[in-house]
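> Residue numbers (my numbering), protein chains in the order written: chain A, 1 to 92; chain B, 1 to 92.
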């Protein structure tokens with residue numbers, strides 16, 4: 001399910017125009033991105049938490065050529081599902 | 001930043017009532033949860049993808065008592081950040 005399909009689904013469920021849904025979804029994503037950029041964890045009730053983690057730099061060795069490359073440190077977003085979501089996924 | 005703070009932030013940015021924002025956020029989460037339950041991957045433009053992965057069952061051995069416990073298989077939600085988000089996080 002991509003962005004557009006999600007917008008259609010929300011729009012038809014709430015009887016709100018697709019434009020309004022899109023505007024709100026975009027705002028949500030941009031706020032989340034800004035918060036994550038500042039290293040702030042975001043919690044979505046009964047869904048999960050997003051937090052930024054730093055992956056340390058590491059030395060990668062090419063198996064065939066033995067050439068070593070330094071992979072620089074980078075920030076990645078980590079998602080941890082809530083217990084509510086975990087239970088919903090795993091219930092029969 | 002928790003659920004309530006996020007709702008306030010969206011509400012003030014778009015000048016929509018908190019109730020409307022909350023209703024839409026809840027709908028978004030419930031649609032996402034339903035999709036993930038059916039194993040469908042969800043893509044958020046310029047943010048990332050959510051997909052369900054199965055963690056296989058495994059045998060855990062307690063280090064002190066040596067008692068073995070079978071951890072049953074479970075489904076977990078995996079988030080993979082998009083390249084856009086990655087670039088935003090890592091730009092200086």
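Don't be surprised by glycine CBs; every beta carbon is placed ideally from N, CA and C.
Note that this is a predicted model, so its numbers are computed, not measured.
#1: Hey, is residue 64/B's beta-carbon within less than 9 Å of any beta-carbon in chain A?
#2: State the Cα-Cα distance for the pair residue 3/A and residue 62/B, rounded to the nearest angstrom.
#3: Does the Cβ of residue 81/A have 16 or more other Cβ atoms within 10 Å, making it buried, or fewer, making it exposed?
#4: Let me confirm a value: residue 39/A is counted as buried when at least 16 other C-beta atoms fall within 10 Å, else exposed. Which label applies?
#5: Could you name the residues of the segment 80-91 of chain B whose beta carbon sits closer than 8 Å to any beta carbon of chain A, in the order they occur along the chain?
#6: When the Cα atoms are used, what is the spatial distance from residue 75/B to residue 44/A?
#7: Could you pull the DSSP bridge partners for residue 81/A from this structure?
#8: When DSSP labels each residue in this structure, what does residue 69/A get in the three-state scheme?
#9: By how many angstroms is the C-alpha of residue 15/B removed from the C-alpha of residue 21/B?
#10: Based on the DSSP output, what are the partners of residue 59/A in its beta bridges?
#11: Would you call the CB atoms of residue 36/A and residue 51/A closer than 9 Å?
#12: Closest to residue 79/A by CA distance: which of 59/A, 42/A, 31/A is it?
#13: Would you give the residue range spanned by the alpha helix (DSSP H) that residue 27/B belongs to?
#14: With residue 64/B as the anchor, note down where its alpha helix (DSSP H) starts and where it stops.
#15: What residues in its chain sit with their C-beta under 6 Å from that of residue 68/B, if we drop five residues either side in the sequence?
#16: Check whether the Cβ of residue 14/B lies closer than 9 Å to any Cβ atom in chain C.
#17: Flag residue 60/A as yes if its beta-carbon sits less than 9 Å from any beta-carbon of chain B, otherwise no.
With the given structure in hand:
#1: no
#2: 44 Å
#3: buried
#4: exposed
#5: 81, 85, 86, 88, 89, 90
#6: 19 Å
#7: 48/A
#8: strand
#9: 10 Å
#10: 70/A
#11: yes
#12: 42/A
#13: 18-37
#14: That residue, residue 64/B, is in no alpha helix (DSSP H); it is neither H nor E in DSSP.
#15: 59, 61
#16: Any reference to chain C falls outside this structure, whose protein chains are A and B.
#17: no
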